[in-house]
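**Student:**
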Amino acid sequence: MTKTSMTFNLADLFESVADTIPDRNAIVCSERRLSFSELDDRATRLANCWAGLGIGHGDHIGLQLRNGSEFLEAMLAAFKLRAVPVNVNYHYVEGELEYLYNDADMVALVVHQAFAPKVAAVVDRVEKLAHVFCVADQSTEEVAAQFIDYEGALASGSSSRDFPPRDSDDIYIVYTGGTTGMPKGVMWHHRDLFFASLGGGDSDRSGNLITEPEQLAERVLPQGMTILPIPPFIHAAAQWISLGILFGGGRVVISPEGAFEPEAIWQCVNDEQVQMLILVGDAMATPLSDTLEANPGRWNSSSVFMIASGGALFSPVAKKRLLGYLPGAMIMDALGASETGVMGSKISSTANADDREPRFQVNEHMTVLNEENAIIEPGTGEIGKLARKGHVPIGYYNAPEKSASTFVDIAGERWAIPGDLATVEADGTILLHGRGSVSINTGGEKVFPEEVESVVKEHDDIFDAVVVGVDDELYGQKVVAVCQTRSGDSIELAQVREHCRSNLANYKLPRAVACVDKIRRSPAGKADYPWAKETAIRVLGEREKT
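First residue of the sequence shown? That's 1 in our numbering, and the numbers climb one at a time after it.
1) Taking residue 299 as the reference, give the member of 288, 290, 270 and 320 with the closest Cα.
2) Between which two residues does the alpha helix (DSSP H) containing residue 281 stretch?
3) Can you list, in chain order, the residues of its chain with a C-beta nearer than 6 Å to that of residue 511? Leave out the 5 residues immediately preceding and following it.
4) Helix, strand or coil for residue 56, going by three-state DSSP, please let me know.
5) Starting from the Cα of residue 26, find the closest Cα among 470, 204, 272 and 345 and give me that residue.
6) On the DSSP letters alone, give me the boundaries of the alpha helix (DSSP H) that residue 107 sits inside.
7) What separation, rounded to the nearest whole angstrom, lies between the Cα atoms of residue 386 and residue 347?
8) Quick one: give me the first and last residue of the beta strand (DSSP E) that residue 305 is part of.
9) Per DSSP, which residues does residue 365 bridge with? Please list them.
10) Excluding the five sequence neighbours on either side, which residues of its own chain have a C-beta within less than 7 Å of the C-beta of residue 128, listed in chain order?
11) Beta-carbon separation of residue 87 and residue 174 under 8 Å?
12) Could you check what DSSP says for residue 272 in three-state terms: helix, strand or coil?
13) Compute the beta-carbon to beta-carbon distance between residue 257 and residue 137, rounded to the nearest angstrom, for a pair I have assumed lies under 8 Å.
14) Residue 83 to residue 276, Cα distance in whole Å?
15) Does residue 103 come out as helix, strand or coil in the three-state DSSP assignment?
16) Would residue 110 be called buried (16 or more neighbouring beta carbons within 10 Å of its own) or exposed?
17) Please report the distance separating the alpha-carbon of residue 63 from that of residue 429.
18) Entirely within the stretch 353-435 and at least 4 residues each: give me those alpha helix (DSSP H) ranges in chain order.
19) Over what stretch of residues does the beta strand (DSSP E) that includes residue 12 continue unbroken?
20) With 16 other CB atoms within 10 Å as the buried threshold, where does residue 418 fall?
21) Where residue 516 and residue 527 are concerned, what is the direct C-alpha to C-alpha distance, given to the nearest angstrom?
22) Looking at the unbroken alpha helix (DSSP H) that takes in residue 184, where does it start and where does it end?
23) With which residues is residue 337 paired in a DSSP beta bridge?
24) When burial is assigned at 16 or more other CB atoms within 10 Å of the CB, is residue 451 buried or exposed?
25) If you measure between the beta carbons of residue 343 and residue 363, is that distance less than 8 Å?
26) Is the stretch 420-428 touching the stretch 371-384, taking contact as three or more C-beta pairs under 8 Å?
27) What first and last residue would you give for the alpha helix (DSSP H) that runs through residue 529?
28) Over the uninterrupted beta strand (DSSP E) stretch that includes residue 458, give me the two end residues.
29) Tell me, which residues are paired with residue 472 by DSSP?
30) Taking residue 139 as the reference, which of 114, 290, 375 and 518 has the closest Cα?
31) According to DSSP, is residue 491 part of a helix, a strand, or is it coil?
32) Within this structure, are the beta carbons of residue 337 and residue 166 separated by less than 8 Å?
33) For residue 175, does the three-state DSSP call read helix, strand or coil?
34) Measuring only the C-alpha atoms, how far is residue 462 from residue 339?
35) Is it a yes or a no for the stretch 16-23 touching the stretch 193-204, going by three-plus beta-carbon pairs under 8 Å?
36) When burial is assigned at 16 or more other CB atoms within 10 Å of the CB, is residue 162 buried or exposed?
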């Protein structure tokens, strides 16, 4: 590949970095350690194998994989072919998988052996899905005879990078479940994703973006950062941070089998001197803190200077506790969505970890719009819709109506409006209130669940909580806290209300509590609000019968 042929295509960009630092470690996963040249070679061989099967430009390849080098190399292989990798939630059951495979028009799929039986049960009902590649793991699940061994396929491919020219406008898709409804595939051009979500060649996010793709190799850091992304690669944030770090010459450490096992994660931190941990709020931070508390002095975690979190509540109590074990670290709450890319951040340290307000510093492309899609002036206190212009997605795949409501042309500019409600403070920061689709209207007042969840979870006996609105004859909806206690016993409503009273207005206080053995969350730790609402209705209904 010559410099004159280079574009903002993600494969072009990665190859330029790999050619610059071929011998530097790129991925560490258990016993596998891949340099940049080895990662590039594996992706190239896989791409050539797929090309030999007729897979190419515009074809969709599903990735139903736990975290591992295979996920990242398969993404890169697809980019090399101008094909489109599509994330598949490995927790989906057969009906959900069949829907996603068909909705995404998948022609090929890469799947871990543990999930092979679910694939085999539906593959014959997916018209376009012609090739399934199976990655061996520690499971003993039976693999269908027609499935292709991943490592064998990769080894059979040529190491030649003689691919057709690529384009900055090639497509990247990430499927997102959101808070309601069936999953939707958000489509990005490579160029827009690179600048909106992968750093744009600016490793310290100071606004010094590259202007030509050739400049990326010149920006490779002398000593790249080492990160450990804990959330699954099947979610956008983990993909974006990992690709962004690789484009800066950094190293991605992956926990064994891609599992969320706190002891294994801290061992990786100890062994690989991880500098940044990526997690999702309390759901991951609390077990990590519990493990450090139970094993004092077992691991050296002093290399960690940054903990990045996004996508779910990270409460002050959980922040303070984790920072107590990592006193030199900072916490960065990231504001972003599959439909907008990275929008802003909030930095916390031991000095300000008590601040529970979700207030973010945002870039110049972010604003808040009113119902008429006019920009709300800072400091007015008016609640509006968070919006981004500039580098934004094309739309949702196979969903023109949903695209039209989320990606809007206003006065000749294209905006992404994902559904988050916010206010613009006088200093230009954004105060996030939450998704309008899960907000609670009680007695004419609007309540945002995450605000209440943050306070509820500060109770000493509440391990996890999700707050929902349940229909109520008097209030329209009443605030219900679905709680998992540390003790395993039920907790009384009066205790929860009394605990919250000094931090929440009276109308925001829970009017009922539903205790469960375990709060259900997505693989990335995000709250499952539909499940929580169904559970609250069921538990409260059973209580009324007794």
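Even glycine gets a Cβ: it sits at the ideal position worked out from N, Cα and C.
**Tutor:** The short version:
1) Looking up residue 299 in the sequence shown gives position 299. In this structure, 270 is the residue among 288, 290, 270 and 320 with its C-alpha nearest to the C-alpha of residue 299.
2) The count along the sequence shown starts at 1 and reaches residue 281 at position 281. It spans 281-294 - the alpha helix (DSSP H) in which residue 281 sits, taken as one unbroken run.
3) Taking the sequence shown and counting its residues from 1, one reaches residue 511 at position 511. For residue 511, same chain residues with a beta-carbon under 6 Å away, outside a window of 5 residues either side, are 478 and 479 in chain order.
4) Here residue 56 corresponds to residue number 56 of the sequence shown, with the count starting at 1. DSSP places residue 56 in coil when its eight states are reduced to three.
5) The sequence position of residue 26 within the sequence shown is 26, counting from 1. When only C-alpha atoms are compared, the closest one is 272.
6) Within the sequence shown, residue 107 is the residue found at index 107, counting from 1. Per DSSP, residue 107 lies in no alpha helix (DSSP H); the unbroken beta strand (DSSP E) holding it starts and ends at 106-112.
7) Numbered from 1 along the sequence shown, position 386 holds the residue referred to as residue 386. Numbered from 1 along the sequence shown, position 347 holds the residue referred to as residue 347. Cα to Cα, the separation comes out at about 20 Å.
8) What you label residue 305 is simply residue 305 of the sequence shown in a count that begins at 1. Here residue 305 belongs to no beta strand (DSSP E), and DSSP marks it neither H nor E.
9) One-based indexing of the sequence shown puts residue 365 at position 365. In DSSP, residue 365 forms no bridge with anything.
10) Taking the first residue of the sequence shown as 1, we reach residue 128 at position 128. Answer for residue 128: 105, 106 and 107, listed in chain order.
11) Stepping through the sequence shown from its first residue, residue 87 is reached at position 87. Stepping through the sequence shown from its first residue, residue 174 is reached at position 174. Residue 174 is positioned such that its CB atom lies closer than 8 Å to that of residue 87.
12) If you number the sequence shown from 1, residue 272 lands on position 272. Residue 272: helix per DSSP, three-state reduction.
13) For the purposes of this step, residue 257 is taken as residue 257 along the sequence shown, with counting starting at 1. For the purposes of this step, residue 137 is taken as residue 137 along the sequence shown, with counting starting at 1. Yes, they are in contact, since the Cβ atoms of residue 257 and residue 137 sit about 7 Å apart, within 8 Å.
14) Taking the sequence shown and counting its residues from 1, the one referred to as residue 83 is at position 83. Taking the sequence shown and counting its residues from 1, the one referred to as residue 276 is at position 276. Near 31 Å, if we compare the C-alpha coordinates of residue 276 and residue 83.
15) Sequence index remark: in the sequence shown, residue 103 carries index 103 (1-based). For residue 103, the secondary structure class from DSSP, reduced to helix, strand or coil, is helix.
16) One-based indexing of the sequence shown puts residue 110 at position 110. Its Cβ being crowded by 16 or more others within 10 Å, residue 110 is buried.
17) For this step, residue 63 is matched to residue 63 along the sequence shown. For this step, residue 429 is matched to residue 429 along the sequence shown. One C-alpha to the other measures close to 37 Å.
18) Taking 4 residues as the minimum length, the alpha helix (DSSP H) runs contained wholly in the stretch 353-435 are 400-406, in order along the chain.
19) The residue you call residue 12 lines up with position 12 of the sequence shown. Element bounds for residue 12: not the beta strand (DSSP E) but the alpha helix (DSSP H), 10-20.
20) In the sequence shown, counting from the first residue as 1, residue 418 sits at position 418. By the neighbour-count rule (16 or more Cβ atoms within 10 Å), residue 418 is buried.
21) Position 516 of the sequence shown, counted from the first residue, corresponds to residue 516. Position 527 of the sequence shown, counted from the first residue, corresponds to residue 527. Note on geometry: alpha-carbon atoms of residue 516 and residue 527 lie some 14 Å from one another.
22) What you label residue 184 is simply residue 184 of the sequence shown in a count that begins at 1. Counted as a single uninterrupted DSSP element, the stretch harbouring residue 184 is not any alpha helix (DSSP H) but the beta strand (DSSP E) occupying residues 184-189.
23) On the sequence shown, position 337 is the one that residue 337 refers to. 341, per the DSSP bridge assignment.
24) Locating residue 451 in the sequence shown gives position 451, where the first residue counts as 1. When all chains shown are included, residue 451 counts as buried.
25) Taking the first residue of the sequence shown as 1, we reach residue 343 at position 343. Taking the first residue of the sequence shown as 1, we reach residue 363 at position 363. Cβ atoms of residue 343 and residue 363: closer than 8 Å.
26) The stretch 420-428, when compared against the stretch 371-384, does touch it at the 8 Å Cβ threshold.
27) Counted from its first residue, the sequence shown places residue 529 at position 529. Its alpha helix (DSSP H) spans residues 529-545.
28) In the sequence shown, the residue the question calls residue 458 occupies position 458. It is not in any beta strand (DSSP E) - residue 458 carries neither H nor E in the DSSP assignment.
29) Working through the sequence shown from its first residue, we reach residue 472 at position 472. 476.
30) Locating residue 139 in the sequence shown gives position 139, counting from the first residue. Checked all of 114, 290, 375 and 518; the closest Cα to residue 139 is 114.
31) Position 491 of the sequence shown, counting from 1, holds the residue named residue 491. Reduced to three states, the DSSP call for residue 491 is coil.
32) Here residue 337 refers to the residue found at position 337 of the sequence shown. Here residue 166 refers to the residue found at position 166 of the sequence shown. Their beta carbons are not under 8 Å apart, which means residue 337 does not touch residue 166 by this criterion.
33) For this step, residue 175 is matched to residue 175 along the sequence shown. DSSP places residue 175 within a strand segment (E or B) once states are collapsed to three.
34) Counted from its first residue, the sequence shown places residue 462 at position 462. Counted from its first residue, the sequence shown places residue 339 at position 339. The alpha-carbon atoms of residue 462 and residue 339 are separated by roughly 33 Å.
35) No: the two stretches stay apart, fewer than three of their Cβ pairs being nearer than 8 Å.
36) As a working note, residue 162 is residue 162 in the sequence shown. Exposed: under 16 other Cβ atoms inside 10 Å.
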